[in-house]
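Protein chains in written order, with my numbering: chain A, 1 to 587; chain B, 588 to 752.
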């Protein structure tokens, strides 16, 4: 067969000459490591002829050429068709120099000389390019062994940024750091509609979050987190808020308006502001640290970190800035603030705010604010902080003025965007305001708040309540009427109600009822908290009936013990208690 | 001609750099399912060859810090013996696959593996591997991260750099 092609070389010498001869001309691409050329050759040409062409084109000697096709080395005696080389296919070429160095017909001498370096000793003059190859034609060289060892032990090439790490989590951390150091990048990512789409898909977000081992740790410690994560409605609302910078801006604007209202109140509101800055600072730093710990909060919470302090600010106008924090449940975090960690401020924020997202848009937003939660943590961790806050003279004066001026307080509340969507809530709060304010004046209540253990106990109570709600939502109404134990964190239950009842955008009647109970409880629990702090899940009757006790004592029944007995006997019914007292007491 | 007719098996070692995270997170982060961030190496003549930030590299099979491959594809066999392969690799290292030519999207380890596989066996590597960069870049997220990723070089490290002088 090789002879047949002999007649054709004449034709083949002319490229691009599609003369139909004994064999049709095919165009074969010849590819070297450096180069690529298209060679026209007869279909039935031999390899030798092919090489002739190639040697002309590549300016190399024929015996330097090694042709490879489909893993086979083309020998001179073969024909192209034998190997199945057809038009348009690619054949690989390696040009061997005399020293078996590079091909390409250039710099072969120089490269061959230099490739001697590092190569294992070879008997043949052929300089093996790679430092590990053995003598030519001897198969795998034993001289590779020393290099083998270095190959195994060499981890220095981890220098490849991030990607060099076998651990994707490390890469993630690096990316996170990059994101943190470049806020623009973060905002770009947040604005990315894809990210927003992702975040609007609660299932995906949940998966992401759950997949984070840090989150898994947190979830182990705080089952409430998994409760929250399992609530699609909650997640959805959370995502919406995080996704929607316009919404957050709106809230911030409202907050600003509320603050300006506050300023008009006599009694050093500017001082209050200053004080709150002190609180905001640690919260900010906590939030920052949170980013370091929780990658997903970085994704979802960055835009929210600005809101967190704003949420705290919102607490200012409320007559009882610490009441709501107490009552503000570490909702989604489900009491994560409780006992979980009291020392490390870093994990706390992330625990209480696993998504780093402000769930404030939830039905009962006020208490769900992660800002409140962080504040709460701060408070519980730093009793001194509470002491400072409460003992500040201007604080007292503010309380006084608020107590005396419930109208102003309610007005402030109305402006609070958290309440804006919940007229019922506003009503409730307004109703409870006097009680609240009274409680705030109550030194006992204050001492409770300064007592970190008490705070933690309160949070535990709330936590228990939340669990209860998620476990048995139907039970709650009956429990409510029966006097729910331990609800100083008033917002907890309402917050959980949204959690358990998917249609929670508005306060349900049960929710309102619960809310009222919460407020009452807190009002009663604040004063009795110091006494009831010991009981984590139940409140003493004293706490439960605090309100009634107050009323009774206001009416003139100064015998607290008797009042309490009467109240217990009548189950909190003041009128009946009065009857009893009048019946049993001469006064 | 010192060419033998022996046949050397050629295999493709495929590694998932993300250790499974891509499979989990890609629908969320990118909007499309990626089963992995693939790194490949060609194993022939008892060695694994790959292209990294440092250039063409080789090591014993599964000898990089990535450990064992997630999957192995049999590319067939080749008649190209080790010597010839070395010549080939060397010329590659001087030209299109020198260390500074590395680009994580356009000219990466998988590009190299693809070329080498075609040289040795005439077959390409599975397309899901070579399509990966374009898949990533076709997502907005990938585009956003591109500047960051471009600066990266994947270098599992064999420390037997071809063509090092």
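We put the beta carbon where it would ideally sit given N, CA and C, even for glycine.
Mind pulling the chain A residues with CB within less than 9 Å of residue i?
i, result
"residue 685 (chain B)", "Ordered by position in chain A, no residue passes the 9 Å Cβ test against residue 685 (chain B), which lies about 11 Å from the chain."
"residue 679 (chain B)", "33 and 34"
"residue 663 (chain B)", "70 and 71"
In whole angstroms, what separates the C-alpha of residue i from that of residue j?
i, j, result
"residue 627 (chain B)", "residue 654 (chain B)", "12 Å"
"residue 469 (chain A)", "residue 557 (chain A)", "37 Å"
"residue 606 (chain B)", "residue 623 (chain B)", "8 Å"
"residue 719 (chain B)", "residue 629 (chain B)", "18 Å"
"residue 644 (chain B)", "residue 666 (chain B)", "21 Å"
"residue 621 (chain B)", "residue 650 (chain B)", "26 Å"
"residue 545 (chain A)", "residue 567 (chain A)", "7 Å"
"residue 42 (chain A)", "residue 48 (chain A)", "12 Å"
"residue 31 (chain A)", "residue 724 (chain B)", "29 Å"
"residue 702 (chain B)", "residue 249 (chain A)", "54 Å"
"residue 349 (chain A)", "residue 33 (chain A)", "Residue placement at residue 349 (chain A) cannot be trusted, given a pLDDT of 37 that sits under 50; what the coordinates show is reported in the next sentence. Computed Cα separation, rounded: 57 Å."
"residue 83 (chain A)", "residue 26 (chain A)", "14 Å"
"residue 634 (chain B)", "residue 657 (chain B)", "17 Å"
"residue 707 (chain B)", "residue 44 (chain A)", "24 Å"
"residue 670 (chain B)", "residue 594 (chain B)", "14 Å"
"residue 731 (chain B)", "residue 680 (chain B)", "31 Å"
"residue 463 (chain A)", "residue 542 (chain A)", "21 Å"
"residue 551 (chain A)", "residue 583 (chain A)", "18 Å"
"residue 461 (chain A)", "residue 540 (chain A)", "12 Å"
"residue 24 (chain A)", "residue 75 (chain A)", "22 Å"
"residue 554 (chain A)", "residue 454 (chain A)", "27 Å"
"residue 62 (chain A)", "residue 631 (chain B)", "27 Å"
"residue 560 (chain A)", "residue 581 (chain A)", "11 Å"
"residue 575 (chain A)", "residue 260 (chain A)", "43 Å"
"residue 598 (chain B)", "residue 711 (chain B)", "12 Å"
"residue 456 (chain A)", "residue 467 (chain A)", "16 Å"
"residue 734 (chain B)", "residue 253 (chain A)", "36 Å"
"residue 695 (chain B)", "residue 81 (chain A)", "34 Å"
"residue 471 (chain A)", "residue 573 (chain A)", "29 Å"
"residue 625 (chain B)", "residue 85 (chain A)", "32 Å"
Determine the chain B residues that contact residue i at a beta-carbon separation under 8 Å, and present them in chain order.
i, result
"residue 96 (chain A)", "671 and 674"
Ordered along the chain, which non-local residues of its own chain (more than five positions away) have a Cβ less than 7 Å from that of residue i?
i, result
"residue 65 (chain A)", "51, 54, 55, 93 and 95"
"residue 614 (chain B)", "620"
"residue 87 (chain A)", "26 and 27"
Am I right that residue i and residue j are in contact with their C-beta atoms under 8 Å? What's the rounded C-beta distance?
i, j, result
"residue 693 (chain B)", "residue 619 (chain B)", "That belief does not hold up - the Cβ atoms of residue 693 (chain B) and residue 619 (chain B) are roughly 20 Å apart, past 8 Å."
"residue 596 (chain B)", "residue 660 (chain B)", "Incorrect: roughly 12 Å between the Cβ atoms, too far for contact."
"residue 600 (chain B)", "residue 648 (chain B)", "7 Å"
"residue 729 (chain B)", "residue 617 (chain B)", "6 Å"
"residue 717 (chain B)", "residue 697 (chain B)", "6 Å"
"residue 709 (chain B)", "residue 71 (chain A)", "6 Å"
"residue 715 (chain B)", "residue 639 (chain B)", "Incorrect: roughly 21 Å between the Cβ atoms, too far for contact."
"residue 637 (chain B)", "residue 678 (chain B)", "Their Cβ separation, rounded to whole angstroms, is 17 Å, which puts residue 637 (chain B) and residue 678 (chain B) out of contact at 8 Å."
"residue 577 (chain A)", "residue 570 (chain A)", "5 Å"
"residue 662 (chain B)", "residue 704 (chain B)", "5 Å"
What residues of chain B sit near residue i, judged by a beta carbon separation below 7 Å?
i, result
"residue 70 (chain A)", "708 and 709"
Short of 8 Å in beta carbon distance, which residues of its chain neighbour residue i, apart from the five on each side in sequence? Order them along the chain.
i, result
"residue 89 (chain A)", "28, 29 and 69"
"residue 57 (chain A)", "30, 37 and 39"
"residue 564 (chain A)", "541, 542, 545 and 549"
"residue 73 (chain A)", "66 and 67"
"residue 664 (chain B)", "594, 595, 596, 597 and 708"
Can you give me the Cβ contacts of residue i inside the same chain, cut-off strictly under 6 Å, excluding the 5 residues immediately before and after it?
i, result
"residue 611 (chain B)", "none"
"residue 528 (chain A)", "Because the pLDDT at residue 528 (chain A) is just 41, under 50, the model does not fix this residue reliably, and the point stays unresolved."
- Task: Identify every run of the alpha helix (DSSP H) within the segment 681-729 of chain B, keeping only runs that are complete inside it and at least 4 residues long; order them along the chain.
- Result: 696-708, 714-717 and 719-724
- Task: Would you mind listing the beta strand (DSSP E) stretches within the segment 29-75 of chain A that are 3+ residues and don't spill past its ends, in chain order?
- Result: 36-42 and 65-69
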